[in-house]
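Chemist: Residue numbers for the sequence shown follow our numbering, beginning at 539 and rising by one.
All residues carry an ideal CB built from backbone N, CA and C; glycine is no exception.
Owing to the predicted nature of the structure, the values given are computational and were not obtained by experimental measurement.
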Amino acid sequence: MDTTLITSVLLASATGVFLGWFIPRMADAKRVKNAGDLARRIIEEARKEAQAQKKEIILQGKDEVLEAKRLMENELKEREREIKARDKKLEEQGEKLDSKLEDARKKEQELLLTEKDFARKAKDLEETRENLEGCLVEQEKRLQEIAGLTAEEAKSNLFTDIEAKSRHEAARMMRLIESEAKETADRKAKEIIATAIQRYAGDYVADQTVTTVTLPSEDMKGRIIGREGRNIRALEAATGVDLIIDDTPETVILSAYNPLRRQVAKLALERLIQDGRIHPARIEDIVQKVEQELEVHVREVGEQATFDAGVHGIHPEIVRLLGQLKYRTSFAQNVLQHSLEVASLCGVMAAELNMDIKRAKRSGLLHDLGKAMDHEIEGSHATIGADIAKRYGESKDIIHAIAAHHEDTPPTSALAVLVQAADCLSGARPGARKELLENYVKRLEDLENIAMSFSGISKAYAIQAGREIRVMVNSDDVNDDDAFLLCKDIAEKIEGNLTYPGQIRVTVIRERRAVGYAK
């Protein structure tokens, strides 16, 4: 019993020991197998991934190679085109050089032929000169034999006779000229005075020195005059303008040479009429306000004019004077608008002549600056404008252009001549000033008819809008001295028979033509 039990216990212990050893061995073997399978899978996946990356890298490399090949081919084609274009250009230049070389050879041959021809002609002329000298010597000998005088004696006698006759003729002409000069001077002075009176007293006064104000009713005249005339006196004293209240219905006339004063009086009177309160204190207050407002408006107009003309950097005082030109007219042409036209024309002509456009426009805009002050300062508006421009720092060429645009100063620069031409274009064109087209055309016809009324004239043309008349004379009928006298006669007849603004230039042209026929 005990042995059996012991045996059983031993067997059980042996079995437990065996199982304790065998079971871990089995588990280790299984883990090793699983690890091997996992390693094989990882290796297989790595191999597959490596193959895929290899294929992708190969494809990418092929694409890059193809792209580089394409770029290289395009570059080669572009260079090939450039080389072909250069070859073509070189070929064309070579053809041109060949053509020029051929032309140079032809010209060289022509020059050689011309040189030979000149040499032959020079030789012929030398022979002709020698023959003529021989003939002159022979003729002189014959004349001495016939007259019984030497050449020196004949010259001396001839000069003595001519001198005596010339002295007598000169004395007679001097007396005649002195007599005519006295008569002409007296007549000319009267004509100048009469012309000045006609041109000044009629159109100028009507257009330049008078402004009318329309009244709402005839009763307003009495209120403007006021008790014992105190209102009208106050208004005249405050504005410096004469008020003319006559029988003209519902109208008051303002008269003054200063256009700004007339404008102040006009605006002040209109405000007083609209307000209804008209008495000396109110008049002074309104006139003062209008003067201040007009001063601001004048500066704004001047600044706008410089902006429109594209001219900058002008002194503020000159800008103010430009604004005043808005209220100044010349033969019914607004002077500010005329100045803008002249500036534009100067700019256009300067561009065509490759001159400084800005300086040309500046000169054109300022050329009539003196007209803003010519009612206050003695002298021509060109001289006054030049003095103002000099006072406010304008350059010498612009000052000269202003001073010379009516030839008060002789023009010595292209800029001055440019301003002259633009001024004529703006002022003399039909419709610019108060002159009907029919009168304009008739004046041109009369101008040409006056020129054609003299003998020896073949043609006459009125040009530059009637500012100049050009007369062609027959050279056989009129010599150089007669042409000079004819020019003066035409100018005098124009002055005596026509009425015109400014001046008219008379140019007489005499030319001598030699005509031959080769048969």
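Determine, using beta carbons only, whether V751 and K804 come nearer to each other than 8 Å.
Modeler: It is a contact, given that the beta carbons lie within the stated cut-off.
Chemist: Does the region 759 to 770 come close enough to the region 822 to 829 to have 3 or more Cβ pairs within less than 8 Å?
Modeler: Result no; under three Cβ-Cβ pairs closer than 8 Å.
Chemist: Quick one: grab the DSSP three-state call for L1055.
Modeler: Checking the sequence shown, residue 1055 turns out to be Tyr, not Leu. The answer is coil: DSSP assigns Y1055 none of H, G, I, E or B.
Chemist: From W559 to L549, what distance separates their C-alpha atoms?
Modeler: Their backbone Cα atoms lie some 15 Å apart in a straight line.
Chemist: Please check if any C-beta of chain D sits within less than 8 Å of the C-beta of W559.
Modeler: The chain labelled as chain D is not found in the depicted structure, where only one protein chain is given.
Chemist: Determine the extent of the beta strand (DSSP E) in which L792 is found, giving its start and end residues.
Modeler: Note, L792: beta strand (DSSP E), T789 to S793.
Chemist: Identify, in the order they occur along the chain, each residue of the same chain with its Cβ nearer than 8 Å to the Cβ of A734, setting aside the five sequence neighbours on each side.
Modeler: Low confidence applies to A734: its pLDDT is 39, below 50, so where it sits in the model is not reliable, and the reading given next is rough at best. For A734, where only same-chain residues beyond five positions count, there are no Cβ hits under 8 Å.
Chemist: With distance defined between alpha-carbon atoms, name the residue in E620, V955 and S755 nearest to M887.
Modeler: Among E620, V955 and S755, the Cα nearest to that of M887 belongs to V955.
Chemist: Along the chain, where does the beta strand (DSSP E) containing N815 start, and where does it finish?
Modeler: According to the sequence provided, residue 815 is Arg. The question's Asn does not apply to it. It is not in any beta strand (DSSP E) - R815 carries neither H nor E in the DSSP assignment.
Chemist: So, with DSSP's three-state summary, where would you put Y1038?
Modeler: DSSP places Y1038 in coil when its eight states are reduced to three.
Chemist: Taking the straight line between their C-alpha atoms, what separation do you get for A924 and K909?
Modeler: Each residue's Cα considered, the two are about 11 Å apart.
Chemist: What distance in whole Å lies between the Cβ atoms of Y930 and H850, which are believed to be in contact at a cut-off of 8 Å?
Modeler: Not quite, the Cβ-Cβ distance comes to about 15 Å (not below 8 Å), so this is no contact.
Chemist: Where does E932 fall in DSSP's three states?
Modeler: Three-state result, E932: coil.
Chemist: Quick check on DSSP: helix, strand or coil for I664?
Modeler: The sequence shown places Glu at residue 664, not Ile. Helix at E664.
Chemist: Helix or strand or just coil, what does DSSP make of L956?
Modeler: Residue state, collapsed to three classes: helix.
Chemist: Just confirm the distance between the C-beta atoms of C884 and A942, as a whole number of angstroms; I'd bet it's less than 8 Å.
Modeler: That belief does not hold up - the Cβ atoms of C884 and A942 are roughly 14 Å apart, past 8 Å.
Chemist: Taking Cβ to Cβ, would you say L810 is nearer than 8 Å to V790?
Modeler: Their beta carbons are not under 8 Å apart, which means L810 does not touch V790 by this criterion.
Chemist: Considering only C-alpha positions, which residue in the set V1016, G632 and Y1038 is nearest to I995?
Modeler: The option with the nearest alpha carbon to I995 is V1016.
Chemist: Short of 6 Å in beta carbon distance, which residues of its chain neighbour M911, apart from the five on each side in sequence? Order them along the chain.
Modeler: Counting only Cβ-Cβ distances below 6 Å, and skipping sequence neighbours, we find I922.
Chemist: Which one or two residues does DSSP pair with E1006 in a beta bridge?
Modeler: I1001 and R1043.
Chemist: Identify the residues that DSSP records as bridge partners of D780: which are they?
Modeler: DSSP lists S793 as partners of D780.
Chemist: Mark P562 as exposed unless 16 or more other C-beta atoms lie within 10 angstroms of its C-beta, in which case mark it buried.
Modeler: Answer is exposed; the Cβ neighbour count stays below 16.
Chemist: Leaving out five residues on either side along the sequence, give the residues of the same chain with a beta carbon under 8 Å from the beta carbon of L878.
Modeler: Excluding residues within five positions, the ones whose Cβ falls inside 8 Å are A843, D846, A847 and L903.
Chemist: What residue from M1010, M990 and D984 has the CA that sits closest to Y1038's CA?
Modeler: The option with the nearest alpha carbon to Y1038 is D984.
Chemist: State the Cα-Cα distance for the pair G554 and R585, rounded to the nearest angstrom.
Modeler: Cα-Cα distance, rounded: 47 Å.
Chemist: Does the Cβ of P797 have 16 or more other Cβ atoms within 10 Å, making it buried, or fewer, making it exposed?
Modeler: So P797 counts as buried.
Chemist: Return helix, strand or coil for I852, following the three-state DSSP convention.
Modeler: Coil, per DSSP.
Chemist: Within 10 angstroms of the Cβ of I581, are there 16 or more other Cβ atoms? Answer buried if so, exposed if not.
Modeler: Per the 10 Å Cβ criterion, exposed.
Chemist: Which residue from I856, R799, P818 and R820 puts its Cα closest to that of L832?
Modeler: Among I856, R799, P818 and R820, the Cα nearest to that of L832 belongs to R799.
Chemist: Taking only three categories from DSSP, how would you classify N1012?
Modeler: Reduced to three states, the DSSP call for N1012 is coil.
Chemist: Start and end of the alpha helix (DSSP H) containing L903?
Modeler: Per DSSP, L903 belongs to the alpha helix (DSSP H) from I895 to L904.
Chemist: Can we count K909 as close to the ligand SAM, meaning its CB is less than 7 Å from some heavy atom?
Modeler: Ligands in the displayed structure: none, and consequently the ligand SAM is not present.
Chemist: Leaving aside the five residues before and after E633 along the sequence, list all residues of the same chain whose C-beta is less than 8 Å from its C-beta, in chain order.
Modeler: Result list for E633: empty, nothing under 8 Å.
Chemist: Just to confirm my understanding: we take T777, look at its own chain, exclude 5 residues before and 5 after, and list those with CB closer than 7 Å. What are they?
Modeler: Excluding sequence neighbours, T777 sits near R799, V802, A803, A806 and V825.
Chemist: Straight-line CA distance for V1009 to Y999?
Modeler: Computed Cα separation, rounded: 7 Å.
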